[in-house]
Amino acid sequence: MLEIKNLDVWYGGIHAVKNLSMSIGKGEIVTLIGANGAGKSSAIRAVAGLVKEASGSVTYIARDGGAVSILGKPPEYMVKMGISLSPEGRRILPHLTVEENLTLGAYSRRDKAGIARDMETGYSLFPKLKQRRKQKGGTLSGGEQQMLAVARALMSHPDLLMLDEPSLGLAPILVDEVFGTIEKINEEGRTILLVEQNAFAALKIAHKAYVLETGSITLSGTGAELLQDPKVQAAYLGG
Amino acid sequence: MFMQHFINALGLGSLYGLIAIGYTMVYGILRLINFAHGDIFMLGAYFVFFATIQYKLPWALGVFIAVMGAILSGLLVDLIAYKPLRDAPRISALISAIGVSFFIENASMVAFTARPQAVIQPKQLVEAFSVGDIRLVPLNIIVPAISFVLVGMLLWMIYRTKRGLAMRSISHDIETTRLMGVSVNRIIALTFAIGSGLAAVAGIMWALRYPKVEPLMGFTPGFKAFIAAVFGGVGSVPGAMLGGLALGFIEIMSVAFFPTLSGYKDAFAFVLLVIILLVKPTGLMGEKSEDKI
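Read top to bottom, the protein sequences are chains A and B. Take the position in the first sequence, starting the count at 1, then add 1476; the result is the number in my numbering. Reminder that position 231 of the second sequence reads as 228 in my numbering, one-by-one numbering, no gaps.
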């Protein structure tokens, strides 16, 4: 569904991603793990169209089956094509209500009935959001904000959902809840690209995984393989 | 007598408010003081002058042409002077804004001559009628009425439509708004269009009120409207209207009750600016933020 080849990304003068290639198949959960500053966010932001200084190729198989080259296109184009990013740090709009945040997520769509249906789907994935739907985003707890960020990214009805550090700042029990929901979203047919520092949680649910170190991919395999890999265990899983 | 002053102040204040909305909306989204805004107001007045007085078109058509012309001018200013500087430091765009303002003013002096030109007021607008012991001029009622209707429509747009939601979102976080599929440049253009359109309406009504147009007519009202926007809280549309009304009332009432101060009329706005910046820098309805003006 998404084929990244020889991607280089510069971020603020730093060569953040070097010659990265990875492939994401339809219906998979693929994770990109690595330490803070390894270039994970830069890579995913380049795919989302937020970074201008990037080279290489990113090929996306669109809904109609045609392959399109998407690198360098603006974010609104990506959203139209069915790619959605829930950014690092959640980036909830604090002065808008939960419902307004979700409505904004559906900005690219015109089918009112579909939007209403997807909003209900979001509320059923995260019942807490429904209780708080008239509340300002800024009043939610960290966990609720993360749920809102995921639900909001789903409102554009994406085929490929990209999540940047959904576990950031969450208590372990909430991490399990969020990752359980990610699996559920995947089972409903969405392809997922998950960028994570929490390697253990990510590898447990991933079909395929890549390890990024100072901008380059050093290891790849299935989630289960990497969980067993001694190098991964030493570096990311605390021995 | 008081009623007369009240209506007068309402008229003047709502005109300041209409102009202030353009400043406040652009600032809210781009953190840019659009110094050329007062000049768009002036262009709106000139467009209606040319359309109705030079070319004898009917007023309704003239107003339409003037508003469209001003919107186009506002969009052009954004396209030429601000858009290329979107990623540049904010001070660059600010300097560009000052440059554009000087350019429009001087180009207008060349194109329209610096001589003030009289605007012939349509009779229906200026023939006074009496209600009890108050004598009213229709224009003085129409001006605030139109202003309030327009502000009402704008607030509806900002709080009840998708575009308005995008505007409120951009003012907080441009990048996230883009991730939601919003074409930010389009929303910015829409903001300039709305601000310029309102400035043109204010310019037209101003030209009818003080029946003349001149190339520098946008300078003082523009500056006062800017103060009104600061007073009301930059970024807040209701605040801009409130600030405009407050300024209108202060100006009219002080001259009405202390006629000896009439020479200082224009200074009141600046006194107000100093006071608000000292006492409540975020303005009456402004949100707390570290980097206001």
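Backbone N, C-alpha and C define an ideal beta-carbon position, used for all residues, glycine too.
| So is Ser1632 of chain A buried or exposed if we call it buried at 16+ other beta carbons inside 10 Å? | Result: buried.
| message | So, with DSSP's three-state summary, where would you put Thr1573 of chain A? | response | Judged by DSSP in its simplified three-state form, Thr1573 of chain A adopts strand.
| message | Would the region 218 to 238 of chain B count as touching the region 11 to 21 of chain B if we require 3 or more Cβ pairs under 8 Å? | response | By the Cβ test, the region 218 to 238 of chain B is in contact with the region 11 to 21 of chain B, since at least three Cβ pairs between them sit closer than 8 Å.
| Assuming Ile1693 of chain A contacts Leu1496 of chain A under a Cβ cut-off of 8 Å, what Cβ separation, rounded to an integer in Å, is found between them? | Contact holds; Cβ gap of about 6 Å.
| request: Could you pull out every unbroken alpha helix (DSSP H) segment of at least 4 residues lying fully inside the region 199 to 223 of chain B, listed in chain order? | output: When DSSP assignments are scanned along the region 199 to 223 of chain B, no uninterrupted stretch of alpha helix (DSSP H) that is 4 or more residues long falls wholly within it.
| Given a limit of 7 Å on CB to CB distance, which residues of the region 207 to 241 of chain B reach chain A? | Look at the region 207 to 241 of chain B: it has no residue with a C-beta under 7 Å from a C-beta of chain A.
| request: Verify the CB distance criterion: does Gly1488 of chain A have a CB-CB separation below 7 Å to chain B? | output: Closer than 7 Å to the CB of Gly1488 of chain A there is not a single CB belonging to chain B.
| Same chain only: Cβ atoms within 7 Å of Ile131 of chain B, ignoring 5 sequence neighbours per side | Excluding residues within five positions, the ones whose Cβ falls inside 7 Å are Met0, Gln1.
| request: Could you tell me whether the Cβ of Arg160 of chain B comes closer than 7 Å to any Cβ of chain A? | output: Not an interface residue.
| task | Classify Ile30 of chain B as buried or exposed, calling it buried when 16 or more other Cβ atoms lie within 10 Å of its own Cβ. | result | Under this definition Ile30 of chain B is a buried residue.
| Sub-7 Å separation of Leu1508 of chain A and Tyr1686 of chain A beta-carbons | Judged by beta-carbon spacing, Tyr1686 of chain A lies within the 7 Å limit of Leu1508 of chain A, meaning their Cβ atoms are closer than that value.
| Neighbourhood of Met1638 of chain A by C-beta distance below 6 Å, restricted to the same chain and skipping five residues each side | Counting only Cβ-Cβ distances below 6 Å, and skipping sequence neighbours, we find Ile1520, Leu1561, Leu1669.
| Using the beta-carbon count (16 or more within 10 Å), is Asp288 of chain B buried or exposed? | Unreliable positioning characterises Asp288 of chain B in this predicted model, as indicated by a pLDDT of 44, which lies under 50. The coordinate reading is nonetheless provided below. By the beta-carbon neighbour count (other beta carbons within 10 angstroms, threshold 16), Asp288 of chain B is exposed.
| request: Could you tell me which of A:Ala1492, A:Asn1674, A:Leu1630 sits nearest to Leu1713 of chain A, measuring between CA atoms? | output: By alpha-carbon distance to Leu1713 of chain A, the top candidate from A:Ala1492, A:Asn1674, A:Leu1630 is A:Asn1674.
| query | Distance, Cα to Cα, Val134 of chain B vs Glu248 of chain B? | reply | Computed Cα separation, rounded: 20 Å.
| message | Can you give me the C-alpha to C-alpha distance between Val271 of chain B and His169 of chain B, rounded to a whole angstrom? | response | Going from the Cα of Val271 of chain B to the Cα of His169 of chain B covers about 27 Å.
| task | Give the range of the beta strand (DSSP E) segment to which Val60 of chain B is assigned. | result | For Val60 of chain B, no beta strand (DSSP E) run applies; the uninterrupted alpha helix (DSSP H) run containing it begins and ends at 56 to 74, by DSSP.
| field | Cβ-based burial, Thr1448 of chain A [other Cβ within 10 Å; buried from 16] | value | Only positions 1477 to 1715 of chain A appear in the structure, and residue 1448 of chain A is not among them; the question remains open.
| message | Please report the straight-line C-alpha distance between Ile4 of chain B and Pro212 of chain B, rounded to a whole angstrom. | response | It is roughly 28 Å from the alpha-carbon of Ile4 of chain B to the alpha-carbon of Pro212 of chain B.
| request: Take Ile290 of chain B and list the residues in its own chain whose beta-carbon comes closer than 6 Å to its own, dropping the five residues that flank it on each side. | output: In this predicted model, Ile290 of chain B has a pLDDT of only 35, less than 50, meaning its place in the structure is not dependable; the value taken from the coordinates is given anyway. Excluding its 5 nearest sequence neighbours in each direction, Ile290 of chain B has no C-beta neighbour in its own chain below 6 Å.
| query | Taking all protein chains shown into account, do 16 or more other C-beta atoms lie within 10 angstroms of the C-beta of Leu1688 of chain A, making it buried, or fewer, making it exposed? | reply | Label assigned to Leu1688 of chain A: buried.
| query | Name the chain B residues whose beta carbon is nearer than 9 Å to that of Arg1567 of chain A? | reply | Under the 9 Å cutoff, chain B gives Asp170, Glu172, Thr173, Leu176.
| field | Contiguous alpha helix (DSSP H) assignments of at least 4 residues, all confined to the region 144 to 168 of chain B | value | Listed in chain order, the complete alpha helix (DSSP H) runs (minimum 4 residues) inside the region 144 to 168 of chain B are 159 to 167.
| request: Use the C-beta contact count for Tyr207 of chain B: other C-beta atoms within 10 angstroms, 16 or more gives buried, fewer gives exposed. | output: It counts as exposed.
| Between Gln118 of chain B and the rest of its own chain, which residues show a CB-CB distance below 7 Å, the 5 nearest in sequence each way excluded? | Same-chain partners within the cutoff: Leu205, Pro208.
| said: From the DSSP secondary-structure annotation, give me the bridge partner or partners of Val271 of chain B. | reply: DSSP lists no partner for Val271 of chain B.
| Where does Phe189 of chain B land, buried or exposed, given buried means 16+ other C-beta within 10 angstroms? | By the 10 Å Cβ count, Phe189 of chain B comes out buried.
| said: So, for Ser259 of chain B: in the same chain, excluding its five sequence neighbours on each side, which residues have a beta-carbon less than 6 Å away from its beta-carbon? | reply: Exclusion of the five residues before and after Ser259 of chain B leaves Val252 as the residues of its chain whose Cβ lies within less than 6 Å of its Cβ.
| task | Could you tell me whether the Cβ of Tyr1451 of chain A comes closer than 7 Å to any Cβ of chain B? | result | This structure cannot settle anything about residue 1451 of chain A, because the visible part of chain A is limited to 1477 through 1715.
| message | Buried or exposed for Asn1512 of chain A, going by 16 or more other Cβ atoms inside 10 Å? | response | With fewer than 16 other Cβ atoms from the protein chains shown falling within 10 Å of its own Cβ, Asn1512 of chain A counts as exposed.
| query | Is the Cβ-Cβ distance between Asp1640 of chain A and Pro1563 of chain A less than 7 Å? | reply | With contacts defined by Cβ atoms closer than 7 Å, Asp1640 of chain A and Pro1563 of chain A form a contacting pair.
| query | Counting Cβ pairs closer than 8 Å, one from the region 1607 to 1624 of chain A and one from the region 1643 to 1656 of chain A, do we hit at least three? | reply | Segment contact: the region 1607 to 1624 of chain A against the region 1643 to 1656 of chain A, three or more CB-CB distances shorter than 8 Å; contact assigned.
| said: Would Gly1665 of chain A and Leu1630 of chain A be called neighbours here (beta carbons separated by less than 7 Å)? | reply: Annotated as distal: Gly1665 of chain A and Leu1630 of chain A, with beta-carbon spacing of 7 Å or more.
| task | Pick out whichever of B:Met238, B:Leu281, B:His34 has its Cα sitting closest to the Cα of Leu91 of chain B. | result | For the residues B:Met238, B:Leu281, B:His34, the minimum Cα distance to Leu91 of chain B belongs to B:His34.
| task | Would you check if there are 3 or more beta carbon pairs closer than 8 Å linking the region 46 to 62 of chain B to the region 272 to 282 of chain B? | result | The region 46 to 62 of chain B vs the region 272 to 282 of chain B: no contact.
| Close-in-space but distant-in-sequence residues of the same chain around Ile26 of chain B (CB under 7 Å, 5 per side omitted) | Counting only Cβ-Cβ distances below 7 Å, and skipping sequence neighbours, we find Met164, Ile167, Ser168, Ile185, Thr188.
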